[in-house]
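Read top to bottom, the protein sequences are chains C and D.
Quick note on the working numbering: the first sequence kicks off at 1 and runs consecutively.
Quick note on the working numbering: the second sequence kicks off at 345 and runs consecutively.
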Amino acid sequence: MVDASVAKRLVQAIIDNLPEPVPGRRPVHTIGIGVKGEFVASDVARTYCIAEHFNGQPVPVSVRFSNGLGGLEQHDGWSDVRGMAIRFHLPDGTGSDLIATTLGEFFVRNVADFFEFAKVAKREPYQRRHWLLKIADFLRLKVPPRNPYPNETENVDAGALRYANRHRFSQLGIFQVGSIGAPESYARASYHAVHTFWVTAPDGVRRPVRFSWQPVAGVRNIDPADVSRDKYLFKELEDRLKRWPARFMLMMIIGEAGDALDDPTKPWPATRVRVVMGTLTLTEVPKDQEAAGERISFNPCRLAPGIEASNDPILEARRCAYEVSRELRDGCPFRWRPDNANSK
Amino acid sequence: MPIPSDEGWIDRFVDRLPETRLFKLVASWILVPLWARLTPVKPLPGGPHPSFQHGDNVQCMMNLIMPLKDKSPVGRALAALAIAQNKEAIFAGLNNVGTVHFARFVIVGDNICMFSVYDGDFTNYIRDFIATIGSVFNAVVELVEGGEEVIPCEDNVEAFIQWVHERDLYQVPDTATDFLRDQEALNGDRAVSPVNDDLTLLPRKLVLQLRANPNVSLGSGYRAYPGFSVAQVRKHLGVGW
């Protein structure tokens, strides 16, 4: 069980590694855009999960897309993990959240790992590698570290690599972070909820599942040479939605006995049963961005009855850390539904 | 305030170096053989990874590459003829075995290839085929380098299964770091944290592995309906069995 003091330390560890504090804002995924839309479950969704938003009736949603970096600087063109947090607004006034990122797997298994990672992966000065060292890398058939992005003077890359070299469980996540790139549009990236959840079917069968959003427009990154494009994602999304709605399919992957249920660093094989749970249609970027995205406090454990969090220690830590973060920035508290109160 | 770039002409030249023809030649003819000698890499075995989980044991891929003895158009025609003459036997065999989603014979260059997607254990899959279409295997394998040692397959069942397994392509995992785990498993390195790896060597490891396994299957393949067997699909479609 993650207590409040641990959650505060977690959030503080993140804040301590920021280039500068951002009071009143999210410490990471600081830059984001709120979008309105609607989710319609597929015909089969209700046979797998009794949660209200899977019963087939259209459900209004609030979505916040974000860049992963903490701080107020916006660098859309930099290679970075992007976020897609969604709240399904249920008919009784409560909600169910699903928080996903473009990262397929996380890089730490539990809170202890995270604190160690935070200790090792501190921000360090980052400079262009000398050309002689690059040639030495080429001769050793190694890829040299990338050149700094425009105006980038420090980052956590070296520390993260040191951590990955010491911990094989983290290698996949950290490798993915290093090669993730920048999307052409927030609507042209896949987003993964990384944790395992349990869903309950009408016949009472409980299944371990993982969720991913897949863009109907397809996945596409910008040319890595375009790193200097700092601000294009918000406008691209606004322009896109003025022309036509953007759609995502919600895919639910069903785990099997032996799959990692409580470890977000371990992927599930592509051979698992995959169910289309519904379609998300994004229609509008509201003018009032404070209400549409910044004031909303998402939480990965705010779940409608029918969906439960697994025992994944990172998921549990996020539940508390998100609340601490909300309190710090005076975010909008959300009413937990009474039958979900034990998750609070 | 933008920070002025410290990039000079030599930086730009070095950044583009790997794309130059000269560097590619040096890498192919000198660096790769040199590193292969300094850090030898064993070929990784073909076929799917052993697993007890249901989803991993349906829709398995076999990618068999068999170099033809006669590397001329005549040799390729003989291979095409061997398949054409046995079409009835192949379809009857596939229906009888009942675990095959798709099977294709393909000629690529001087190789005849058999690509298939099947359910269940690899050994049983081949064993079933020997029982039902052994004569087709004999007709094809007779035209393939080293094939004479294992035909007639009905009389050399275990040797034939091993022969096929050795020609089944290594299936590169879907994730880059799982490829490292395969190498570690082959080398008996099962170390857990703390370890002292160098993730930046991944490109070299991949290059050397692709030198040891020149033909590979990339990833575990896309499946429109993962986790379902031939029998389940046919039952749900109402097409019998």
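Ideal placement from N, C-alpha and C gives every residue a C-beta, glycine not left out.
Please read all numbers here as calculations on a predicted model, not as lab measurements.
Euclidean distance between Cα positions of Q292 (chain D) and F572 (chain D): Only positions 345 to 585 of chain D appear in this structure, which leaves residue 292 (chain D) out of reach.
Backbone CA spacing between H580 (chain D) and V40 (chain C) [nearest angstrom]: 26 angstroms
Enclosing alpha helix (DSSP H) for W507 (chain D) [first to last residue]: 501–511
Chain C contact for L562 (chain D) (CB, 8 angstroms cutoff): no
Exposure of T443 (chain D), with buried meaning 16 or more beta-carbon neighbours within 10 Å: buried
Contacting positions in the region 361–387 of chain D - beta carbon closer than 8 angstroms to chain C: L361, P362, F367, A371, L375, V376, W379
Host alpha helix (DSSP H) of P547 (chain D) (start-end): 546–556
G491 (chain D), buried or exposed, once every other Cβ within 10 Å from all chains shown has been counted against 16: buried
R567 (chain D) at chain C interface by Cβ criterion, 8 angstroms: yes
Contacts around E284 (chain C), its chain only, beta-carbon distance under 8 angstroms, and the 5 residues preceding and following it disregarded: V35, K36, G37, L241
Strand pairing of N407 (chain D), partner residues [DSSP]: D:F459
First and last residue of the uninterrupted beta strand (DSSP E) at R129 (chain C): Premise fails: R129 (chain C) is in no beta strand (DSSP E) and is neither H nor E.
Chain C contact for H509 (chain D) (CB, 8 angstroms cutoff): no
Backbone CA spacing between S228 (chain C) and G532 (chain D) [nearest angstrom]: 45 angstroms
Three-way DSSP call (helix, strand, coil) for W585 (chain D) in this model: coil
D512 (chain D) versus D:I474, D:F466, D:R471, residue with shortest Cα-Cα distance: D:F466
For D3 (chain C), the nearest candidate out of C:V28, C:L141, C:V111, C:S62 (CA to CA): C:V111
Residues bridged to P63 (chain C) [DSSP beta-bridge criterion]: The sequence as given places Val at residue 63 (chain C); Pro does not occur at that position. DSSP lists C:V35, C:I86 as partners of V63 (chain C).
Presumed contact (8 angstroms Cβ cut-off) between T102 (chain C) and S42 (chain C), rounded CB distance: Contact doesn't hold; Cβ gap of about 23 angstroms is too wide.
Min CB distance R420 (chain D) to chain C below 8 angstroms: no
Under 8 angstroms between C-beta atoms of N440 (chain D) and T476 (chain D): yes
Among C:E323, C:F234, C:A257, nearest to Q289 (chain C) - alpha-carbon criterion: C:F234
Given R9 (chain C) as reference, the closest of C:A317, C:D330, C:A85 once Cα atoms are compared: C:A317
Cross-strand partners of T279 (chain C) (DSSP beta bridge): C:V40, C:M249
Beta carbon of G419 (chain D) nearer than 8 angstroms to that of F473 (chain D): no
Burial state of W78 (chain C), where buried means 16 or more other Cβ atoms lie within 10 Å: buried
is_contact[A201 (chain C), chain D] using C-beta, thresh 8 angstroms: no
Same chain, Cβ closer than 6 angstroms to P125 (chain C), five either side skipped, listed in chain order: E154
C-beta neighbour in chain D for A164 (chain C), strict 8 angstroms: yes
Straight-line gap, A428 (chain D) to G390 (chain D) (C-alpha atoms, nearest Å): 28 angstroms
Interface residues of the region 253–277 of chain C facing chain D [CB-CB below 8 angstroms]: I254, E256, A257, G258, D259, P267, P269, A270, T271, R272, V273, R274
Of the residues C:L328, C:F114, C:I254, the one placed nearest Y48 (chain C), counting alpha carbons only: C:I254
Inter-stretch contact at 8 angstroms, needing at least 3 Cβ pairs: the region 270–281 of chain C / the region 303–319 of chain C: no
Whole-Å CB distance - L172 (chain C) paired with T519 (chain D), under 8 angstroms assumed: 5 angstroms
Neighbourhood of R109 (chain C) by C-beta distance below 8 angstroms, restricted to the same chain and skipping five residues each side: F169, D263, P264, T265, P313, I314
Simplified DSSP state of A309 (chain C), which is helix, strand or coil: strand
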